[in-house]
Ligand SMILES: Nc1ncnc2c1ncn2[C@@H]1O[C@H](COP(=O)(O)OP(=O)(O)O)[C@@H](O)[C@H]1O
Ligand SMILES: [Mg+2]
């Protein structure tokens, strides 16, 4: 579970790192990804993980055009605002729309994949029993994080994105198209949510408000790990995942939740830049 | 008496030393000019004095008191006001509103603040724009608004960072006049400027810095004929030795 | 007639209508809807003190509603303290909580503050759901409290019929609006606006921006908690999911934003326009098209932020001014003095 949180947080952190905006619709994007994966699997009969080849491009373009059509106009209108709060608000509007449109179209019922080759599969690790789909989730999280890291360090587009995240004015002076970069970053962030969705589908129900849960967890993790830090997102996800899986053995599940919030507030007071974050410029 | 005194000021940004053991002082009622090529560290020095950045080393004294780690708002209340090279108006508000924010530094009453703000606007020949939205001003007017706001806090010393850059020649002349008028009212002025004509006309003394280091100091005439200064401005290759 | 006279006349008219309405409107259902409408306008106006003037985005105001509702309810049910007194205690507790959230976060980027307020209010909800007793106080976990309607009377904040509640919330709304008006013209109002728009310039002009925001936060959370008590006494039933819900926090913030943050009329306007839309779409389409009102809400939010980022109050104020110009008949003479506050 921690790895899914990590993947969700990874997408959030990519988008925050570049656009300096918390994407409140991120959980909803995860939800959309789950529905895409679900229908892809149902219609084609593919193995759940193979649906990645459909989900990832679909989600990438979904994010790309979402940013291009809905969010870009605001950045253009508020060019000189360092951190446009308006964008946060718009992403929340998108969240409301996506969740409730899904509710209108697909109804409130919970869905799961019927002939699921992975359901309930376990593998023994010495004393421990580990669920196979969760193990794959972990592998996917690590590979995705590594791939994203490689992309930002080594490719031309990746470097352009990093340059923009450091200083959008300077980058645009150097001939980098700021808005193209934003579109791509948003697309990548959304595609990451798609990957999280695919790894989640084999062992989790699909319903219109499934995203909210991951939304809030995602926020907590990115702040824990340090907003904008890729490694921090994954590690933060694993920490929260561990608390949630070990905690219930000693106390009620809701208390575990309380501990997660407590930890969040503690970090906020003690080291506001996050466990692995860098200090901000003001 | 020196109203402002800086001793061996150092400011590092990571590996970059933006200000390097800079020492200077300003007498009360003087106009001191600070010049140097782009990126010499002038604005950084101002930001250290005004409390925006904590200095890496050295001491800053204002009216005899050490102010190294004081916060910008405390310094403002003590009588140290500054303008920003990159202007920062409260764009959605009127000019009058902007200036009133400054005048609240010395009063709690809105009516008094408004009165004082209007006085400042009058002093700067800016009254006719008082209801204009700050975001709609021209660059020259925005620079003037920066001064008006700072002035409204009733400073003892005013730090002006390139308030004439981007102005038309007629506007520059007007600005020179305004600054002289402020000095005549007893305000000490520390000014960064690129426009030589203006800084030569204004300053009692000039300090020149290059790569964060002071390379010359003296009256405008002395500085203008200084070899190091010419080198710094025109480049080393120009000097045939 | 001058502009000022017309404004004063319009304001008086609105006041008279608001106070006279219960004499004409006898239906409890409509009174109920109106009471909730005023309550929301009160919430958004209180929110606006920090979310509008201070230029930050608090998304956890339900926590303060909850603190207010729970404090007065617990004190009155378990210790026999009058809810009016409990209301003040709740307000003070909420103000302290608000300052505690603001302290570490007002120096950070705005996103941190938004996230911290969400986590704080969710944290409080989870806590209340889990704890039955907090020291000597019974919290009653997820089931909350049912307030028995006995001991009717002013001292006990308990009335028969809706009219008294209507007048209480109306007076509260007028009070908070007057307070906002007063703040917006005071030094603090100037300081909040300046610090919200250009913090560095504000600091250079003598403003301790973080402190100004903390004061605003304390006032806003105090006022919000007062309405929490009202909510408890009016509905006679509170539980964590109703008074400390994230949905409530978001609704407060977004109604204020759509109406126009930072202006005095904006948040009230937002409540006036949006509450009925969501009420009616819930009533008429709730069964057939679930979630429609939230789709409308989201769409309005997105469109307003793109085309009118300062909220609906801006175009409406302009229209109102043009109307006044027509009435006075001085459009031809041109320049109207515009206020940007
Ligand atoms: N906040 C900062 N972080 C890192 N480097 C900075 C910062 N501010 C200024 N610098 C660097 O310090 C040097 C001096 O800059 P500045 O004081 O603005 O020069 P001037 O005002 O003389 O043109 C420049 O090389 C600039 O890039
Ligand atoms: Mg400079």
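Protein chains in written order, with my numbering: chain F, 857 to 1138; chain D, 745 to 985; chain R, 61 to 401. Every residue, glycine too, gets a C-beta built ideally from N, C-alpha and C. These figures come from a predicted structure and were not determined experimentally.
Check, Outcome
"Taking 9 Å as the CB-CB cut-off, is residue 189/R touching chain F?", "yes"
"Is it buried or exposed for residue 347/R, if we count other Cβ within 10 angstroms and need 16 for buried?", "exposed"
"Pick from 209/R, 191/R and 87/R: whose alpha carbon is nearest that of residue 203/R?", "191/R"
"Using 9 Å as the limit for Cβ to Cβ distance, is residue 857/D near chain R?", "yes"
"Give, in chain order, every residue of the stretch 953-969 of chain F whose Cβ lies closer than 9 Å to some Cβ of chain R.", "953, 954, 955, 956, 957, 958, 959, 960, 963 and 964"
"Would you say the beta carbon of residue 960/D is closer than 8 Å to some non-hydrogen atom of ligand 1?", "no"
"Identify the contact partners of residue 1095/F in chain R, using a Cβ-Cβ distance below 9 Å as the criterion.", "Near residue 1095/F there are no residues of chain R at all, since even the closest Cβ is about 15 Å away, more than 9 Å."
"Quick one: complete alpha helix (DSSP H) runs, 4+ long, within the stretch 1015-1052 of chain F?", "1024-1029"
"Beta carbons nearer than 8 Å to chain R: which residues of the stretch 1109-1124 of chain F have them?", "1110, 1111, 1113, 1114, 1117, 1118, 1120, 1121 and 1124"
"Is the stretch 84-101 of chain R in contact with the stretch 112-124 of chain R, if contact means three or more CB pairs nearer than 8 Å?", "no"
"Rounded to the nearest angstrom, how far is the Cβ of residue 1050/F from that of residue 858/F, given a contact under 8 Å?", "Not really, about 19 Å apart at Cβ, beyond 8 Å."
"Specify whether the stretch 209-219 of chain R and the stretch 297-311 of chain R touch according to this definition: at least 3 beta carbon pairs, one from each stretch, less than 8 Å apart.", "no"
"Buried or exposed for residue 909/F, going by 16 or more other Cβ atoms inside 10 Å?", "exposed"
"List, from N- to C-terminal side, the alpha helix (DSSP H) runs of 4 residues or more that fit wholly inside the stretch 900-972 of chain F.", "908-922, 928-933 and 941-962"
"Hey, how far is the Cα of residue 393/R from the Cα of residue 899/D?", "Interpretation of residue 393/R is limited by its pLDDT of 47, a score under 50 that renders its predicted location unreliable; the figure taken from the coordinates is listed afterwards. Rounded to whole angstroms, residue 393/R to residue 899/D spans 41 Å at the Cα level."
"How many Å lie between residue 1027/F and residue 1038/F at the Cα?", "12 Å"
"Do residue 133/R and residue 184/R have their beta-carbon atoms positioned less than 9 Å apart in this structure?", "no"
"Taking residue 799/D and residue 755/D to be in contact with their CB atoms under 8 Å, please state how far apart those CB atoms are, rounded to whole angstroms.", "6 Å"
"For the stretch 237-287 of chain R, list the alpha helix (DSSP H) runs that are entirely contained and at least 4 residues long, ordered along the chain.", "247-257 and 259-264"
"Consult DSSP for residue 776/D and reduce its assignment to one of helix, strand or coil.", "strand"
"Please tell me whether residue 153/R has its Cβ less than 9 Å away from any Cβ of chain F.", "no"
"Is residue 897/D near ligand 1, in the sense that its beta carbon is under 8 Å from a heavy atom of that ligand?", "no"
"Count the CB pairs spanning the stretch 258-277 of chain R and the stretch 842-860 of chain D that are closer than 8 Å, and state whether there are at least three.", "yes"
"Does the beta carbon of residue 787/D fall short of 8 Å from some heavy atom of ligand 1?", "yes"
"Quick one: using the 10 Å Cβ neighbour count with 16 as the cut-off for buried, is residue 874/F buried or exposed?", "buried"
"Does residue 273/R pass the burial test, meaning 16 or more other C-beta atoms within 10 Å, or should it be called exposed?", "buried"
"Heavy atom of ligand 1 less than 8 Å from the Cβ of residue 924/D, yes or no?", "no"
"Do residue 905/D and residue 790/D come within 9 Å of each other at the CB atom, strictly closer than that value?", "yes"
"In terms of residue numbering, what span does the alpha helix (DSSP H) encompassing residue 199/R cover?", "Here residue 199/R belongs to no alpha helix (DSSP H), and DSSP marks it neither H nor E."
"Within 10 Å of its beta-carbon, does residue 354/R have 16 or more other beta-carbons around it, so buried, or fewer, so exposed?", "buried"
"When the Cα of residue 216/R is compared with those of 107/R, 85/R, 299/R and 139/R, which residue comes out closest?", "139/R"
"For residue 905/D, verify whether its CB is less than 8 Å away from any heavy atom of ligand 2.", "yes"
"Do residue 1078/F and residue 1067/F have their beta-carbon atoms positioned less than 9 Å apart in this structure?", "no"
"Distance check for residue 1095/F and residue 1103/F, CA to CA, integer angstroms please.", "11 Å"
"Is residue 932/D helix, strand or coil by DSSP?", "strand"
"Within the 9 Å Cβ cut-off, does residue 1076/F reach chain R?", "yes"
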